[in-house]
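Undergrad: Quick one: structure below, then a few questions.
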Amino acid sequence: MFLQFHAISPEDIPRALQIEQDGFPEDEAASLESFQFRQSKAPTLFLGAYSQEDNQLIAYICSTLSTDETITHASMSTHIPEGRSVCIHSVCVDRAHQRRGIALSLLKEYIFKLQSSALYDCALLIAHEELIPLYKKAGFTLVGKSSVTHGPRPWFEMRLDLKEDSQSQRQQQLPAGIWEALQSSSSSQTAQRTDDLVDPSGSNVTDILCTRCNSVILLQGVASLEERPSVQIDTRSDSSHPLLPALPTSPELTKWWLITPSPMKFENIGFSKPVAGILSPAGKPVKLLACAECDLGPLGWSEEDGKEFWLVPARVVYRV
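This is how it looks when you write it as structure tokens:
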């Protein structure tokens, strides 16, 4: 499933509350007043995951800020604007969409946004014991049993340091000069610099990874670097995502990784349904490619039932 991530509006609060009440016991679920408070005081920290097919809210994360270095009873119900600790109150996925990796995808997007803002020092949360592995996958470490009581079951505090410079780290994963070339509007410059990514036969010389979660998408030697007209694969919500650099205007020529003849060549990839309003240069319906691990996309495209798969070089990183 392709997801779109953006801040929840006041109009989405009833839907978020429904997901909350379906997902938590009555003595743990937040109230309408709590949701309205969090959304009004910290709207950028109330992030929703929406189905790209129908724009339905299917999951959310909400937080407020604190000056404390740990979760306290007070931090559960207050918001201190100058705080640098992000206190995550709820991570919840609609029951009909659970066990599909959506919670982890949402967490990784949320963490990326927090790191990119450079406004916060850490993210804190409390979780029941069975959810500790999920949060560890997202990068949190276990602090220990929490002093907070909320319902009959014990809670465990977890913490994630947010001081890492993710943009700088991303650029370091690219061979020297490639990042600048891929960002450049000059096709000739891009062509000259991206030659460093291929061997004499034109195949990729390194493994190709997801920019957000670093899972392997393609192994070395699987893809060939080709020049062909640009295809506008972005939806409106994708166009401003910092990990999805804009593509040249069609039909301007640009570089693509070509993978053939089967999706089995990928180590990790997900496909959307055919997207209304997006056609290939041949006029055929198009499916979009995304990381199957964290759902970042679109990373590329293929024709429906096609045997050629096109990946955007600037939307992935390279193991060096």
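Reminder that position 164 of the sequence shown reads as 163 in the working numbering, one-by-one numbering, no gaps. The beta-carbon is built from N, C-alpha and C at its ideal position, and this holds for glycine as well. Because the structure is a prediction, the values reported are computed rather than measured.
Between the region 55 to 68 and the region 132 to 140, do three or more beta carbon pairs fall short of 8 Å?
TA: No, the region 55 to 68 does not touch the region 132 to 140.
Undergrad: What's the gap between the Cα of R37 and the Cα of T77?
TA: 9 Å
Undergrad: At what residue ranges does the region 101 to 158 contain a whole run of the beta strand (DSSP E), taking only runs of 3 or more?
TA: 121 to 126 and 140 to 144
Undergrad: Taking C-alpha atoms, which residue in E307, V221, A275 and A102 lies nearest to D198?
TA: Looking at E307, V221, A275 and A102, the one whose alpha-carbon comes closest to that of D198 is V221.
Undergrad: Please report the residue range of the beta strand (DSSP E) in which P228 lies.
TA: S223 to P228
Undergrad: Buried or exposed: where does N320 fall if 16 or more other Cβ atoms within 10 Å of its Cβ makes it buried?
TA: Shown here, the chain extends from 0 to 319; a query on residue 320 therefore has no answer.
Undergrad: Which same chain residues end up closer than 7 Å to L113 when comparing Cβ atoms and leaving out the 5 residues on each side of it in sequence?
TA: V85, Y119, A122 and L161
Undergrad: Rounded to a whole number of angstroms, what is the C-alpha to C-alpha distance between E52 and S62?
TA: 27 Å
Undergrad: Relative to the C-alpha of F23, which candidate in I70, T140, L103 and P151 has its C-alpha closest?
TA: P151
Undergrad: Candidates W300, S74 and G100: which alpha carbon is nearest P397's?
TA: Since the displayed the chain opens at 0 and closes at 319, residue 397 lies outside it and no answer follows.
Undergrad: Please report how far the alpha carbon of L159 lies from the alpha carbon of G282, in whole angstroms.
TA: 46 Å
Undergrad: Smallest Cα separation from A291: which of N213, G305, I12 and A29?
TA: N213
Undergrad: Of all the options L208, H149, Q219 and V215, which has the alpha carbon lying nearest to the alpha carbon of G352?
TA: Since the first residue of the chain shown is 0 and the last is 319, residue 352 is not available in this structure.
Undergrad: Taking Cβ to Cβ, would you say G276 is nearer than 7 Å to L287?
TA: no
Undergrad: Using 8 Å as the Cβ pair cut-off and three pairs as the minimum, do the region 139 to 155 and the region 92 to 101 touch?
TA: Touching, no, given that fewer than three Cβ pairs across the two stretches are closer than 8 Å.
Undergrad: Would you tell me roughly how many angstroms separate the C-alpha atoms of E225 and I268, rounded to the nearest one?
TA: 20 Å
Undergrad: Rounded to a whole number of angstroms, what is the C-alpha to C-alpha distance between W309 and K254?
TA: So the two alpha carbons sit approximately 10 Å from each other.
Undergrad: Report the CB separation of S223 from L246 in whole angstroms; it is logged as a contact under 8 Å.
TA: Actually they are not in contact, since the Cβ atoms of S223 and L246 sit about 19 Å apart, beyond 8 Å.
Undergrad: Spell out the partners DSSP gives N203 in its beta bridges.
TA: V197
Undergrad: Given S184, which residues of its chain have a CB within under 6 Å of its CB, disregarding the five upstream and five downstream residues?
TA: Caution applies to S184, whose pLDDT of 44 falls short of 50 and renders its modelled position unreliable; the value that the coordinates give is listed next. Contacts found: none.
Undergrad: Short check: CB of L125 to CB of I57, under 7 Å?
TA: Checking the sequence, you will find Ile at residue 125 rather than Leu. Going by C-beta atoms, I125 is not nearer than 7 Å to I57.
Undergrad: Could you check where the alpha helix (DSSP H) with S39 kicks off and where it finishes?
TA: L31 to K40
Undergrad: Buried or exposed, going by whether 16 or more other CB atoms sit within 10 Å of the CB of P241?
TA: exposed
Undergrad: Using the Cβ count rule (16 or more neighbours within 10 Å means buried), how would you classify E302?
TA: buried
Undergrad: In whole angstroms, what is the alpha-carbon distance linking L44 and P260?
TA: 42 Å
Undergrad: By Cβ distance, which residues of its chain are closer than 8 Å to L208, with the 5 residues on each side in sequence left out?
TA: Q172, S214, V215, I216, V315, V316, Y317 and R318
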